[in-house]
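Q:
Protein chains in written order, with the UniProt record's numbering: chain X, 1 to 406; chain B, 1 to 406.
Structure representation (structure tokens):
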């Protein structure tokens, strides 16, 4: 095996080669979950006009007669054109969000006045100062000011911002096309029971479900599985097709690149430049990454299921997000609730369940994974903590480490 | 307005009426993100046979000659039928996961022996005890033992468990059909600019995007928007159709039930029993809930966008998950980083951004929402904390409160 490179270095190399999957314009009702790739600006001032901040009465304060009695001549509703403001001794009932009709200079909250039929009585101490209870045009935002920056994911509240600003379609990141590729005929398909059921030495093909499942969990829908026999020219032809079709290619069969002669030969022939072959980590050391002649990103995942999950979460998904120019924060940090045995020279990804204690502290409880090759081991796991090689066991309980959720 | 009921009581009433949306059988490759509704049992023992735990040599320890030299007669690969074990002075090379051929009783790790051509030399001290480096059949799990319980969400690693156990299809929770309903003609559609653009008093219809967006964020895809004019018989007919079509109906126009005469009359006529009309909370007090004659759940959301987001997250989504019989944990608890002004008699849902400090503590920083009716206010918000009415401001910074992410 080649020399293993450090996790941070591998992560940087992957990140640097994320590229850009491009953009696509979609109608607003198809935009949920996509990554925004444009600046969204305010369609108009916010509020777009002077508006009532409460339910009450729009009044011209200088026109209130000495007895305080005003005739209510109409109801100004939100979303409706302004009514004509009445002459002397008149006022309008007004609802929250309605435009202030020209001529009114204050809104008196409804509970401050006495109403009888179409008349209200305003006591002098109930009259607010001029301009009160009016949300002034443009005080929250001005027309054309930026509302949303590229890189955010379009979720519930954000979609409403787009709608409120009249965007019927929106520029978003294109979804990368992702190939999930495996070689060999020693594994049994999920729907194959043979003639007499599964022989005890036979193993079902399951890794590809973990890979496409992880892609789906993070919103990447365009993963296509393909499986070819272990025959050199078939591998070569299939990989050539995959590279021509996909932005990202994930080989899900395990093992270092150097040991996979037919695959390695084909990828080299096809101009894929391997940037690293093996990472100083446990699990998932047999993880490699390369870049094709047109910038295609090619990942080789380890064979064991826990290693697959770690590599998908730590390397593949960040590249996919980065290629969409998504804004990505640092991973949250959690406190180790129990000692985790650090490894000399290897970063350890330890499976943990996370619980928040009574002080709001996120505590990571290590989960023992009996058999790394068994996905069932991951069922009680919320994610992985990254334990650096340098840590010594004595310090573990007080360590605070990055956390990657699954 | 009716008497407001407490948040916990409202939450319990909603929860109690979640019902069950039923089940559906889907092929494995369509199961991602769905809620499991069956017990999944081990297809066979795990491991399904005695298997090599390392790469090395399968040996019969009693047959090693005094010079320690063994003839390597073949390679036992994983997934392949067992080779015939060689007679005297023979052994088999074996790879991790391969079946132990009958006749071998120990695996010697590859690095412990010297190999020259087809021969290895085993020094006495390098020979492990009988049975070493063999994963015994059934030691992890026995055939037919339960692997997965109903109620979990099928994500990446779990899908691989299903595949590994030969489930080509799986029983999952049905997706509820959800109607999103609004009445009135005072709001302007996102794609309507009129002849001369939007008038300053006009308001775009945006709440429905926040509602369907929130549904999508949490994996509920079958939300259908409908909008009818404010005409009594049209409202009645439309609501009758909606109740006949959907499991859940969300009215997204705001205001207390008691104040919505045409909608309230229609729902009463159609046999919807209103369980509460108004919750002692801020924002979102004007939130109501009822149950139709066939158990349809009917929500009335408040008008303001922040209130909508809170009510979707705190009441509607838990009901949708519960109706799928999903396992749901308690909300995580976070520490308030700054004082939050509690409200007398009202539960306060305060918008916060959450950051993990250097000790792994999740700290909630209150975000000022300038205008509750504006979704843009939610962009820097990770979710809401629930501040009980009883809290006094002096205690806030040390309070640890439930958190609901958006």
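Glycine included, each C-beta is placed from N, C-alpha and C at the ideal position.
(1) How about residue 383 of chain X and residue 404 of chain X: are their beta carbons less than 7 Å apart?
(2) Check whether the Cβ atoms of residue 154 of chain X and residue 36 of chain X sit closer than 7 Å, and answer yes or no.
(3) Chain B beta carbons: is any one of them nearer than 7 Å to that of residue 311 of chain X?
(4) What residues from the segment 147-171 of chain B come within 8 Å of chain X, judged by C-beta to C-beta, listed N to C?
(5) In chain X, which residues lie with their C-beta within 7 Å of the C-beta of residue 407 of chain B?
(6) From B:283, B:343, B:7, B:166, pick the residue whose C-alpha is nearest to that of residue 209 of chain X; which is it?
(7) Mind pulling the chain B residues with CB within less than 7 Å of residue 216 of chain X?
(8) How would you call residue 361 of chain B, buried or exposed, if buried means at least 16 neighbouring beta carbons within 10 angstroms?
(9) Look up residue 41 of chain X in the DSSP assignment and give the residues it is bridged to.
(10) Chain X beta carbons: is any one of them nearer than 7 Å to that of residue 360 of chain B?
(11) From this set, X:47, X:114, X:12, X:21, which residue's C-alpha is nearest residue 139 of chain X's C-alpha?
(12) Using a beta-carbon distance below 7 Å, is residue 227 of chain X in contact with chain B?
(13) Considering only residues of the UniProt domain "MoaB/Mog" (179-322) of chain B, which uninterrupted beta strand (DSSP E) runs meet the minimum length of 3 residues and lie entirely inside it, listed in chain order?
(14) Taking CB distances under 7 Å as the criterion, tell me whether residue 387 of chain X reaches chain B.
(15) Which residues of chain B have a Cβ atom closer than 7 Å to the Cβ of residue 79 of chain X, listed in chain order?
(16) Is any beta-carbon of chain X found at less than 7 Å from that of residue 209 of chain B?
(17) Run through chain B and tell me which residues come within less than 8 Å of residue 213 of chain X, C-beta to C-beta.
(18) Of all the residues that make up the segment 36-48 of chain B, which are near chain X by a beta-carbon distance shorter than 9 Å?
(19) What are the boundary residues of the beta strand (DSSP E) that includes residue 159 of chain X?
(20) Closer than 7 Å, Cβ to Cβ, to anything on chain B: give me those residues from the segment 326-350 of chain X, in chain order.
(21) Is the segment 277-291 of chain X touching the segment 301-318 of chain X in the sense that three or more CB pairs, one from each, lie closer than 8 Å?
(22) Taking the continuous beta strand (DSSP E) assigned at residue 169 of chain B, which residues delimit it?
(23) So, helix, strand or coil for residue 110 of chain B, using DSSP?
(24) In three-state terms, what does DSSP make of residue 102 of chain B?
(25) For residue 13 of chain B, collect the residues of the same chain with a Cβ closer than 7 Å to its Cβ; drop the 5 residues on either side in sequence, then sort them by chain order.
(26) Determine the chain X residues that contact residue 305 of chain B at a beta-carbon separation under 8 Å, and present them in chain order.
(27) Can a CB atom of chain X be found closer than 7 Å to the CB of residue 356 of chain B?
(28) Sort out for me which residues DSSP pairs residue 26 of chain B with in a bridge.
(29) Hey, could you find the ends of the beta strand (DSSP E) residue 380 of chain B is sitting in?
(30) What did DSSP end up calling residue 13 of chain B once you bin it into helix, strand or coil?
(31) Tell me which residues share the same chain as residue 243 of chain X and place their Cβ nearer than 7 Å to its Cβ, disregarding the 5 neighbours each side in the sequence.
(32) Whole angstroms is fine: what's the gap from residue 331 of chain B's alpha carbon to residue 388 of chain B's?
(33) Are the CB atoms of residue 184 of chain X and residue 211 of chain X nearer to each other than 7 Å?
(34) Which residue or residues does DSSP assign as beta-bridge partners of residue 90 of chain B?
(35) Going by the beta-carbon positions, is the gap between residue 119 of chain X and residue 69 of chain X smaller than 7 Å?
(36) Does residue 190 of chain X have its Cβ less than 7 Å from a Cβ in chain B?
A: On the basis of the supplied data:
(1) yes
(2) yes
(3) no
(4) 147, 148, 152, 154, 155, 156, 157, 158, 159, 160, 161, 162, 163, 164, 165, 166, 167, 168
(5) Since the displayed chain B opens at 1 and closes at 406, residue 407 of chain B lies outside it and no answer follows.
(6) B:166
(7) 32, 33
(8) buried
(9) X:146
(10) yes
(11) X:47
(12) no
(13) 223-228, 248-251, 273-277, 288-291, 297-300
(14) no
(15) 186, 187, 201, 202, 203
(16) yes
(17) 32, 154, 155, 156, 157, 158, 159, 160
(18) 42, 43, 44, 45, 46, 47, 48
(19) Careful: residue 159 of chain X lies outside any beta strand (DSSP E), inside the alpha helix (DSSP H) at 156-164.
(20) 332, 333, 334, 335
(21) yes
(22) 169-173
(23) helix
(24) strand
(25) 275, 276, 289
(26) 157, 160
(27) yes
(28) B:170
(29) Segment: none, residue 380 of chain B is in no beta strand (DSSP E) and carries neither H nor E.
(30) helix
(31) 249, 270, 292, 296
(32) 15 Å
(33) no
(34) B:71
(35) yes
(36) yes
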